[in-house]
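Here is the structure we will look at, set down as structure tokens.
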Amino acid sequence: MKPLGWWLRHVHELLETSMAQALDAESLTRRQWQVLNTIALGARTQAEIDVVMAPFGSTSAQVADLRERGWVAETGELTGEGREVHARVEARVKAFRTAVTDGVSDDDYRTTIRTLERCAANLEAG
């Protein structure tokens, strides 16, 4: 049986690769998708976006790129094209998330999350 660390790293790499493939059709990075989704959920200003995306630092480059593509208006809202792209990518992301947990019961999923939370708390307590 492989140790926890091996599985965590392996799953992380698979998640990153699979997510990149899901976003590739629109030539988006994961950060660009997160910013696009944050705007779709109602953030309008750079400050509002940066609060949501705080763990990743400033997102001004991603916002500028999305504006250059014509997906985000100067008002901070998604344009018609931006809404269409968001809907397409959101469907791919939902399908990706569903595929990741296919065959995993709700109870097993909750147990896995609780176990990972406990491991993180143990390490943080140090």
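The numbering of the sequence shown is the numbering used here, which starts it at 5 and goes up by one. Ideal Cβ positions, reconstructed from N, Cα and C, are used throughout, including at glycine.
How long is the line joining the alpha carbons of residue i and residue j, rounded to whole angstroms?
i	j	result
LEU27	ASP111	29 Å
SER109	THR102	12 Å
ASN41	HIS90	7 Å
ARG92	THR105	21 Å
ARG114	GLU128	21 Å
ILE7	GLY61	Strictly speaking, residue 7 in this sequence is Pro, with Ile absent from that position. Computed Cα separation, rounded: 32 Å.
Checking the sheet assignment: what are the DSSP bridge partners for residue i?
i	result
LEU82	VAL76
For residue i, which residues from the same chain have a beta carbon less than 6 Å from its beta carbon, with the 5 sequence-adjacent residues on both sides left out?
i	result
PRO59	none
ARG118	none
Using only CA atoms, which one of the options lies nearest to residue i?
i	options	result
LEU45	GLY80, ALA24, GLY9	GLY80
GLU78	CYS123, ARG96, LYS6, GLN50	GLN50
LYS98	MET23, LEU120, GLU121	MET23
ILE43	GLU94, ARG114, ARG122, ASN126	GLU94
GLU30	ARG96, LEU120, THR116, ASN126	ARG96
Within a Cβ cutoff of 8 Å, which residues of the same chain sit near residue i, ignoring the five residues on either side of it in sequence?
i	result
PHE100	SER22, MET23, ALA26
LEU70	GLN36, VAL39, LEU40, ILE43, VAL76, GLY86
CYS123	LEU8
Checklist entry - Within the chosen definition, does the region 29-36 reach the region 65-74 through at least 3 CB pairs nearer than 8 Å? => result Flag = yes, the region 29-36 and the region 65-74 touch.
Checklist entry - Is there contact between the region 46-56 and the region 15-23, where contact requires at least three CB pairs shorter than 8 Å? => result The region 46-56 is not in contact with the region 15-23.
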